[in-house]
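Have a look at the structure below before the remarks.
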Amino acid sequence: MTKNLIALCFLILIFTGAASTVINAQRTSSYLISEKVLRDKIRGGWAGQTIGVTFGGPTEFRYNGTFIQDNQVINWYDGYLKKTMTENPGLYDDIYMDLTFVEVLERAGLEAPVDSFANAFAHAGYKLWHANQAARYNVLNGIPAPASG
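Number 148 marks the last residue of the sequence shown (numbering that gives the first Met the number 0); no jumps.
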């Protein structure tokens, strides 16, 4: 039985690699999508990040080094996202940090230097926590990016 299992695993490995090679050969280096599809994908990404931040907020930093067990209920109800954004806006540092970087890209382009991003969030008027706060402190105290964190 052990020999059969080893042989089966070997065959699966070979076929998976062969299928991967065929799929990669069929891919082109680029493809076009409409602006409507692109906007939909971008909106979906922002929505997913916002929902994820909201859903994960009550458990953030409370289950370090372990999985949240299935019996741990995480509340969600109609209006929860809006209520959370209104009552706990600091939870969304993941979002507003990204929006700051989007502003830099709009202003300075895709080749914006790293210090443009560092200075933008270092001088922004919103709250930061943990690593982002440490990086802000470092930038404001003369440590340039990327050494600032």
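Just so it is clear, CB atoms sit at the ideal spot from N, CA and C, and this is done for glycine as well.
In this structure the stretch 33-53 lies against the stretch 77-87, because at least three pairs of beta carbons, one per stretch, are closer than 8 Å. When Gly47, Trp128 and Leu31 are compared, the shortest CA-CA separation from Phe60 is found for Trp128. Residue burial annotation: Arg135 is buried, with at least 16 other C-beta atoms found within 10 angstroms of its C-beta. In the same chain as Ala144, and ignoring 5 residues on each side of it, the C-beta atoms closer than 6 Å to its own belong to Val113, Asp114 and Ala117, in chain order. Within its own chain, the residues whose Cβ lies closer than 6 Å to the Cβ of Gly89, once the five positions on either side in sequence are excluded, are Lys126, listed in chain order.
C-alpha of Gly124 to C-alpha of Gly78: approximately 27 Å in a straight line.
The C-alpha of Gly148 is placed about 7 Å away from the C-alpha of Ala130. Distance from the CA of Ile94 to the CA of Gly43, rounded to the nearest whole angstrom, comes to 14 Å. By the neighbour-count definition (other C-beta atoms within 10 Å, threshold 16), Tyr62 is an exposed residue. The straight-line gap separating the alpha-carbon atoms of Gly108 and Ser29 is approximately 22 Å. Taking a contact as a CB-CB distance under 8 Å, the pair Met96 and Phe120 counts as one, their CB atoms being some 6 Å apart.
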